[in-house]
Amino acid sequence: MKIADIHVHIFPHKLAEKASASIGSFYGTHTAHLASVETLLPLEQAAGIDCCAVSSSATSPHQVQHINDFIASEVRVHPNLIGLGTLFPAMEGWEAEVERIVALGLKGLKIHPDFQQVPIDLPEAIPMYRAVAKAGLPVLFHMGDAHLDYSSPQRLTNLIRQVPDLVAIAAHFGGWQCWEKSYAHVQPENVYYDTSSSLRFLGRDRALEYLDRLGAHRFLYGTDFPMWTPAEELQRFRDLGLPPDLENQILFQNFAKLFGI
102 MKIADIHVHI FPHKLAEKAS ASIGSFYGTH TAHLASVETL LPLEQAAGID CCAVSSSATS
162 PHQVQHINDF IASEVRVHPN LIGLGTLFPA MEGWEAEVER IVALGLKGLK IHPDFQQVPI
222 DLPEAIPMYR AVAKAGLPVL FHMGDAHLDY SSPQRLTNLI RQVPDLVAIA AHFGGWQCWE
282 KSYAHVQPEN VYYDTSSSLR FLGRDRALEY LDRLGAHRFL YGTDFPMWTP AEELQRFRDL
342 GLPPDLENQI LFQNFAKLFG I
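Using our numbering, you'd call the opening residue of the sequence shown number 102 and step up by one each time.
Structure (structure tokens):
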């Protein structure tokens with residue numbers, strides 16, 4: 102059985118230590134690993150993960166081009182990586198950058214509304230997301246926070262209502278630390294979910310209940326590296342005891358369908 106990881110963060114080696122510390126600080130914990138591709142690849146291989154989607158979210162407009170160039174460069178060197186670019190909502194020149202993302206061979210986007218301090222459904226960003234949808238780029242959104250409202254499930258639904266052709270992936274079971282809101286607010290059918298940074302908090306019974314409620318057929322497996330160790334996260338997923346066909350769908354088939362591999 103092939104396995105794909107939808108949710109991986111990497112940074113240039115010279116920035117990886119600082120970036121890893123910043124991620125950990127934001128969430129009040131320590132990351133398990135350094136967020137570099139050199140650290141990532143052996144850990145994914147040891148876990149039996151065949152391919153992964155790598156990203157690095159921009160926290161300001163001036164970072165966007167540099168990040169997209171970096172992700173594209175890593176994808177060229179490592180064929181088992183699929184690159185997700187990034188944008189800053191309503192940034193100047195977003196039209197050209199969407200075209201450049203496609204030209205670079207990147208297959209989607211990663212947006213972190215909480216890091217950016219910009220709500221998912223910012224009215225000024227709607228034209229940008231319409232262009233992203235037209236370009237056929239799925240968007241992986243960080244979702245949820247107990248203390249912030251930038252990435253609430255309701256905001257994602259509001260965005261999809263205005264951009265119905267946009268394919269989105271709602272990370273963290275649709276709402277990190279606000280899983281109850283995600284459970285109560287099932288997203289439209291063109292929204293996938295991922296499993297990252299959730300299984301250790303939800304527990305088996307609750308995770309199974311959420312998979313049933315939200316639709317296991319539209320879940321993607323994700324580790325949220327460097328937060329956690331890939332092999333440990335994969336074991337947590339396998340411990341759910343899903344039927345083999347459903348496990349295969351979440352671990353690989355949905356990913357393959359989404360990215361055409």
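The C-beta atom is built at its ideal place from N, Cα and C for all residues, glycine as well.
Is residue i buried or exposed, if buried means 16 or more other CB atoms sit within 10 Å of its CB?
| i | result |
| --- | --- |
| Asn-181 | exposed |
| Ser-161 | exposed |
| Gln-217 | buried |
| Ala-357 | exposed |
| Gln-146 | exposed |
| Ala-271 | buried |
| Lys-235 | exposed |
| Gly-361 | exposed |
| Pro-254 | buried |
| Ala-285 | exposed |
| Pro-220 | buried |
| Pro-143 | exposed |
| Gln-336 | exposed |
| Ala-197 | exposed |
| Glu-333 | exposed |
| Pro-344 | exposed |
| His-167 | exposed |
How far does the alpha helix (DSSP H) with residue i in it extend, from its first residue to its last?
| i | result |
| --- | --- |
| Asp-215 | 214-217 |
| Asp-313 | 305-315 |
| Leu-359 | 355-360 |
| Phe-189 | No alpha helix (DSSP H) holds Phe-189; DSSP gives it neither H nor E. |
| Phe-326 | Where Phe-326 is concerned, there is no enclosing alpha helix (DSSP H), given that its DSSP letter is neither H nor E. |
| Leu-141 | 138-148 |
| Pro-113 | No alpha helix (DSSP H) holds Pro-113; DSSP gives it neither H nor E. |
| Leu-347 | 345-349 |
Quick check on the DSSP output: the beta strand (DSSP E) that includes residue i runs from which residue to which?
| i | result |
| --- | --- |
| Ile-183 | 182-186 |
| His-163 | Run containing His-163: none; DSSP gives neither H nor E here. |
| Asp-106 | 105-110 |
| Ala-154 | 152-156 |
Check whether the Cβ atoms of residue i and residue j sit closer than 8 Å, and answer yes or no.
| i | j | result |
| --- | --- | --- |
| Leu-241 | Ile-107 | yes |
| Ala-154 | Leu-185 | yes |
| Met-192 | Leu-352 | no |
| His-110 | Phe-326 | yes |
| Pro-190 | Ala-226 | yes |
| Phe-320 | Leu-309 | no |
| Phe-171 | Ser-158 | no |
| Asp-340 | Arg-305 | yes |
| His-134 | Thr-330 | yes |
| Leu-238 | Ile-212 | no |
Who are the near neighbours of residue i in its chain, counting only those whose CB is closer than 7 Å to its CB and skipping five residues on each side?
| i | result |
| --- | --- |
| Val-233 | Val-199, Leu-210, Val-240, Leu-267 |
| Ala-173 | Gly-184, Leu-205, Gly-206, Leu-207 |
| Tyr-230 | Leu-260, Val-264, Leu-267 |
| Trp-195 | Leu-188, Met-229 |
| Ala-317 | Leu-347, Ile-351 |
| Ser-297 | His-108, Ala-272, His-273, Gly-323, Thr-324, Asp-325 |
Going along the chain, which residues of its own chain have a beta-carbon closer than 6 Å to the beta-carbon of residue i, five neighbours each way excluded?
| i | result |
| --- | --- |
| Gly-276 | Met-244, Gly-245, Pro-254, Lys-282, Ser-283 |
| Arg-177 | none |
| Trp-280 | Phe-274 |
| Leu-223 | Pro-190 |
| Leu-249 | Asp-215 |
| Cys-152 | Ala-105, Asn-181 |
Which same chain residues, not among the five before or five after residue i, have their C-beta less than 8 Å away from its C-beta?
| i | result |
| --- | --- |
| Glu-175 | Ile-111, Val-138, Val-155, Leu-182, Gly-184 |
| Gln-288 | Pro-254, Leu-257, Thr-258, Ile-261, Ala-269, Ala-271, Gly-275, Tyr-294, Leu-315 |
| Asn-169 | Gly-186, Thr-187, Glu-198, Arg-201, Ile-202, Leu-205, Leu-207 |
Minimum length 3: unbroken beta strand (DSSP E) runs contained in the stretch 226-291: 240-242, 269-271
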